[in-house]
Amino acid sequence: MERPKASVLQIVVATIICIILFVGGWLVGSIQGPELETNNDEEVRVAVARVRDDLRFDHEQKIADLKADYEQQILELEKLLAEAEAKVETHVEVIVEVEKETVSLEQFTQIVRRNDTIWGYAARLQNPPQNDYVQRIIDLNQVNPYLLQIGQEIIVPLP
Numbered sequence: 004m005e006r007p008k009a010s011v012l013q014i015v016v017a018t019i020i021c022i023i024l025f026v027g028g029w030l031v032g033s034i035q036g037p038e039l040e041t042n043n044d045e046e047v048r049v050a051v052a053r054v055r056d057d058l059r060f061d062h063e064q065k066i067a068d069l070k071a072d073y074e075q076q077i078l079e080l081e082k083l084l085a086e087a088e089a090k091v092e093t094h095v096e097v098i099v100e101v102e103k104e105t106v107s108l109e110q111f112t113q114i115v116r117r118n119d120t121i122w123g124y125a126a127r128l129q130n131p132p133q134n135d136y137v138q139r140i141i142d143l144n145q146v147n148p149y150l151l152q153i154g155q156e157i158i159v160p161l162p
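Residues 4 to 162 in the numbering used here are what the sequence shown spells out, letter by letter.
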C-alpha cells in the first residue's frame, strides 16, 4: 500500500505549529523568572528581616518628616494667632476711644417713602404718639403733614 504524500501546505503548517510551540515554551520559561536557588530557610528569614527593617526605617523616617512639618505649621499658626490678637487688641482700644468721644443723638433723619406719615414716624418711637410729640416733628421740619413728598428728608427728634 502506498502512503499518501504530504502536501507542501501540510508540511508548512506543521513547521509553523512546531515553531509556535517552541517559542511559546521559551516565553513561558522567561516570564516565570529564575527559581530560588536556595532551600535554606535561614537565608530566607534573614532576607525577610532585612526587608522588614528597611520598610520600618522608611516608615519611621516618613513619620519623623510629617511630625517636623506638623510642628512647623503649629509654630506658624501660633505666630499668626499672636499677630491677629495684637490687631484685635488695637481695634478694641480704638473702639473704646471712639465710644468715649461719641455724643448722644437727639434726632435722626428719615427719608419719606410711600405711605409714610408724621404720625407713623412718631409711633415708631412713642406708641401711641402724643400730640405734642407729633407737633414737635411738624414744627422742626416746617412741613404740612398732609403733603409729604416721597424722597423728602424729615428730621425726627427723640421723644
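Beta carbons are placed, not taken as given, at the ideal position from N, Cα and C, and that holds for glycine.
C-alpha distance - residue i paired with residue j, whole-angstrom precision
i, j, result
"V26", "V16", "15 Å"
"W122", "V137", "6 Å"
"Q75", "V54", "32 Å"
"F60", "I19", "54 Å"
"L78", "D72", "10 Å"
"N43", "K82", "59 Å"
"N147", "T120", "11 Å"
"V106", "P160", "Residue confidence for V106 is low, a pLDDT of 48 falling below 50, so the modelled location carries little weight; the figure read from the coordinates is stated next. C-alpha separation (whole angstroms): 15 Å."
"V91", "A85", "10 Å"
"I23", "I14", "14 Å"
"N118", "P131", "18 Å"
"L58", "R48", "15 Å"
"K65", "A89", "36 Å"
"L80", "A52", "42 Å"
"N134", "L143", "14 Å"
"A125", "L150", "17 Å"
"E165", "L69", "As displayed, the chain neither begins before 4 nor continues past 162, which places residue 165 out of reach and without an answer."
"A67", "C21", "60 Å"
Collapsed DSSP secondary structure at residue i in the structure displayed
i, result
"V146", "coil"
"I19", "helix"
"I153", "coil"
"P162", "coil"
N-terminal and C-terminal residue of the beta strand (DSSP E) that residue i is part of
i, result
"I114", "110-114"
Residue i - containing alpha helix (DSSP H), residue span
i, result
"I121", "121-128"
Short Cβ contact (7 Å threshold) for residue i with residue j
i, j, result
"Q110", "P162", "no"
"Q155", "V115", "yes"
"Q113", "I141", "no"
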